[in-house]
Amino acid sequence: MDNLAEFFHMGGYAFYVWGSYGLAAVMLSYNIIGPLWRLRGLQRRLSLRPANSPGVSKP
Amino acid sequence: MLRAVDLGCERGDRILFSGLNLHLHAGEVLQVHGANGCGKTTLLRALCGLTRPATGEILWQEKDIRDDESTFSDDVIHIGHHDGIKQELSALENLRFAVALSAKSPELSAEQALAHFGLTAQTHLPAYVLSAGQRRRVALARLLLNAARLWVLDEPFTALDQSSIGVMEAMLHQHASNGGCVVITSHHAIPLEPGIHRELHLTT
Amino acid sequence: MWYWLHRFSSPAYFYRFAGKATPWLAAITGLLLLAGLYGGLVLAPADYQQGDSYRIIFIHVPSAWMSLFIYVVMAAAGGIGLIWHIKLAEVVAACSAPIGASFTFIALATGSLWGKPMWGTWWVWDARLTSELILLFLYFGVIALQSAGEDKRTASRASAILALVGMINIPIIHFSVEWWNTLHQGATVSKMGAPSIHTSMLVPLLIMALACKFYYATSLLMRARAELLEREHNSNWIRDALKNHG
Amino acid sequence: MAVLSRDLLLALRRRSEVVNPLLFFVIVVTLFPLAISPSQAVLQTLAPGIIWVAALLSTLLSLERMFRSDFEDGSLEQLLLSPCPPTILVLAKVLAHWLVSGLPLLLIAPLLGVFLALPTEAMPTLLITLALGTPVLSMVGAIGVALTVGLRRGGALLSLLVLPLYLPVLIFAANAVAAAADGLIVTGQLYFLGGLLLLSCSLAPLAAAAALKISIH
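Chains as they are written, first to last, in our numbering: chain E, 281 to 339; chain C, 110 to 313; chain R, 4 to 249; chain W, 198 to 414.
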């Protein structure tokens with residue numbers, strides 16, 4: 281367990297190192313989740329519309 | 110002379126029209142009808158090369174208008190919703206600038222063109238003191254200046270008084286009998302012989 | 004070749020292909036990320052000068068590389084869309100911009116987080132950070148122009164021109180900033196102390212760079228699918244695609 | 198060239214639009230001694246940067262005039278439908294813009310140099326950098342205006358698009374003036390600015406013409 285604690289401590293630079301990776305993780309996962317939601321939403325909306333409707337209103 | 114093949118235009122994500130074919134011969138006047146917002150203006154802008162159509166092509170004398178832009182633009186005059194009149198310049202200066210832009214030498218002088226529309230008194234007045242109808246007449250006077258064979262006119266009768274409408278109708282007639290082409294939108298019935306008057310109805 | 008390209012650039016085909024490819028790309032990205040992070044954060048030894056703080060390099064440098072790489076891809080796709088009117092290229096250019104801006108932002112933020120322990124301040128006008136900041140502004144410009152127009156295709160074409168103009172400017176800006184920085188060397192601390200690269204550091208760095216490339220591909224395909232749905236929602240292929248989807 | 202003379206005539210009729218950016222330039226520059234310090238030593242080091250940043254901002258103010266009113270009253274469409282090639286048209290418009298907004302900056306800059314205690318040795322360099330740099334600002338700005346002219350909220354967007362592209366000019370021009378004030382030789386910077394001018398003259402009209410065609414869509 282000592283090893284793990286040391287790993288998280290990052291030789292005293294924990295804030296900077298984990299801060300960097302945390303921030304990157306947030307940004308990068310947003311870039312995956314955002315489009316995913318948008319895609320699912322659009323797929324749902326477009327497949328729900330009646331067969332001959334001219335289109336959907338924009339979000 | 111003017112031919113459109115399988116023309117389609119979109120505005121935003123709305124399809125205005127598609128699969129439109131038209132063929133206009135020398136000496137014909139095509140009047141485009143349709144409800145507001147059905148794409149009349151867009152069609153006219155596409156026909157003179159201002160708006161790029163989503164599909165299809167436009168041919169002027171059997172040549173794509175995009176391939177030979179400078180020849181085509183010498184042959185076409187477009188008068189749209191906006192007059193293209195500079196407020197700070199006088200009526201005469203506005204017309205002189207239009208002449209300077211075109212490659213051909215004018216058949217009439219700018220003063221004569223203004224006189225034709227009854228604007229002699231306003232020749233030297235700056236355009237901002239003119240009324241909307243008078244400005245419209247200055248814009249329409251451009252038609253007399255260069256011998257363009259294709260006129261593309263979007264609601265040219267708007268704001269014109271009765272006598273100017275008469276002048277304009279006579280000009281359309283004259284242009285057609287000289288072998289020119291006109292594409293025009295108007296809610297007003299234009300008195301022309303059926304032989305040269307063609308109509309197109311755009312539906313949504 | 005041409006046949007294949009033509010087929011691929013048809014929105015319907017692309018939509019289906021991207022749908023199939025995305026899970027695979029995502030899986031590869033995940034594996035590479037795990038490997039790179041393990042190599043970088045656990046296996047690689049601490050730097051003898053900077054201690055563990057240098058480990059930020061494994062995200063900072065790949066992000067900085069990606070920020071430029073994506074700009075080039077975006078400008079190229081925009082140019083292709085502009086010249087040959089290929090809808091798919093316009094979509095790729097439009098979807099690249101936010102991803103590129105994210106990487107640029109990450110490069111800036113991690114650079115700043117690295118700078119604090121190294122230089123003692125959050126921000127120095129170092130040549131690389133400054134160039135990266137300008138790049139972020141260029142991305143913002145492209146994104147803003149894209150979202151400003153009412154007509155999506157017109158907006159794409161306009162932002163493609165901007166991206167191309169930016170492309171010509173990037174080397175000039177980079178050179179200017181480098182030159183400006185050498186003049187004011189006294190005012191700034193020495194450049195980001197690149198640790199003498201050892202294999203144990205280089206390998207995870209390269210793996211992370213590769214992971215970022217795959218990440219970009221994944222995110223791009225997902226965005227592009229959504230964008231295509233929105234732009235083409237009137238076309239017949241979308242009805243078919245959605246019917247098959249269930 | 199008809200477009201050039203028309204634009205100059207229009208500028209003459211709308212004098213306030215020409216004078217306002219110029220006054221803005223002067224006022225911005227006078228803000229700095231008041232905001233920072235009237236001390237000669239401080240102003241002297243800041244002068245090149247202040248003058249150039251103010252020049253940048255005042256150019257930005259006048260940029261929209263290049264195509265906006267033509268777009269709104271429909272004359273831009275006429276211009277693009279005329280047989281005249283659009284690149285030539287853009288060149289004429291840029292030249293008119295520079296004559297009306299860049300050249301006056303050049304004339305008024307020595308006065309501001311005096312305000313900011315810029316050493317006399319640096320004055321010629323200031324003028325040369327302005328002469329080489331402000332046309333680049335007009336050229337690159339033309340692309341920005343051409344891209345945003347069709348948008349309703351184009352104004353704020355314009356500065357976001359154009360300012361990052363102005364950076365190289367700012368860096369080299371302000372630096373050349375500062376170096377000249379220190380008695381150094383600045384031919385390198387001036388060559389670079391000249392290169393930028395040539396590059397922008399050859400490429401910017403193409404980009405701006407393409408952008409205009411898209412904007413009037």
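Backbone N, C-alpha and C fix where the C-beta goes; we use that ideal spot for every residue, glycine too.
As the structure is a computational prediction, the values presented were derived from the model and not from experiment.
query	result
Distance CB(residue 226 of chain W)-CB(residue 367 of chain W) smaller than 9 Å	no
Length-filtered (4 minimum) alpha helix (DSSP H) runs lying within the region 302–388 of chain W	319–345, 351–378
Closest by C-alpha distance to residue 291 of chain C, when choosing among C:263, C:274, C:267	C:263
Beta-carbon contacts of residue 186 of chain C that lie in its chain and below 8 Å, excluding the five residues immediately before and after	251, 252, 255, 257, 259, 260, 261
Sub-9 Å separation of residue 213 of chain W and residue 255 of chain W beta-carbons	no
Sheet register partners of residue 251 of chain W (DSSP bridge)	For residue 251 of chain W, which the question treats as bridged, DSSP gives no partner whatsoever.
Contacting positions in the region 131–152 of chain R - beta carbon closer than 8 Å to chain E	none
Residue closest to residue 155 of chain C, alpha-carbon to alpha-carbon, out of W:323, W:405, W:278, W:263	W:278
Assigned secondary structure, residue 199 of chain C (DSSP; H/G/I helix, E/B strand, else coil)	strand
Extent of the continuous beta strand (DSSP E) to which residue 78 of chain R belongs	Where residue 78 of chain R is concerned, there is no enclosing beta strand (DSSP E), although the alpha helix (DSSP H) it sits in stretches over 60–87.
Span of the alpha helix (DSSP H) around residue 321 of chain E	294–328
Segment contact, 8 Å Cβ cut-off, at least three pairs: the region 65–78 of chain R with the region 131–147 of chain R	yes
DSSP state of residue 169 of chain C mapped onto helix, strand, coil	strand
7 Å CB neighbourhood of residue 63 of chain R in its chain, flanking five on each side removed	110, 113, 114, 117
Partners in chain W for residue 192 of chain C, counting only beta-carbon separations shorter than 9 Å	270, 271, 272
Contact set between residue 233 of chain R and chain E, taken where Cβ atoms lie within less than 7 Å	322
Exposed unless 16 or more other CB atoms sit within 10 angstroms - verdict on residue 2 of chain R	The displayed coordinates of chain R run from 4 to 249. Any statement about residue 2 of chain R would go beyond what the structure contains.
Contact with chain R by residue 285 of chain E, beta-carbon distance below 9 Å	no
Listed by chain order, chain E residues near residue 225 of chain R by CB distance under 8 Å	312, 315, 316, 319
Residue 233 of chain C, DSSP secondary structure in three states	coil
Bridge-paired residues (DSSP) for residue 140 of chain C	C:293, C:308
Amino acids of chain C, ordered along the chain, whose beta-carbon sits closer than 7 Å to that of residue 239 of chain R	Simply none; closest approach about 12 Å.
CB contact check: residue 172 of chain C to chain W, cutoff 9 Å	no
Continuous alpha helix (DSSP H) stretch holding residue 154 of chain C: start and end	149–156
Alpha carbon of residue 302 of chain W to alpha carbon of residue 153 of chain R, nearest angstrom	37 Å
Straight-line Cα distance separating residue 327 of chain W from residue 91 of chain R	43 Å
For residue 134 of chain R and residue 376 of chain W, the rounded distance between their alpha carbons	23 Å
Short CB-CB distance (under 9 Å) between residue 210 of chain W and chain C	yes
Distance CB(residue 248 of chain W)-CB(residue 371 of chain W) smaller than 9 Å	yes
Min CB distance residue 222 of chain R to chain W below 9 Å	no
Cβ pair residue 69 of chain R, residue 216 of chain R closer than 9 Å	yes
is_contact[residue 175 of chain R, chain W] using C-beta, thresh 9 Å	yes
Chain R contact residues for residue 294 of chain W, given Cβ-Cβ distances below 9 Å	The contacting residues do not exist; residue 294 of chain W stays about 18 Å from chain R at best.
Burial state of residue 202 of chain C, where buried means 16 or more other Cβ atoms lie within 10 Å	buried
C-alpha gap between residue 408 of chain W and residue 355 of chain W, whole angstroms	13 Å
Length-filtered (4 minimum) alpha helix (DSSP H) runs lying within the region 99–156 of chain R	130–151
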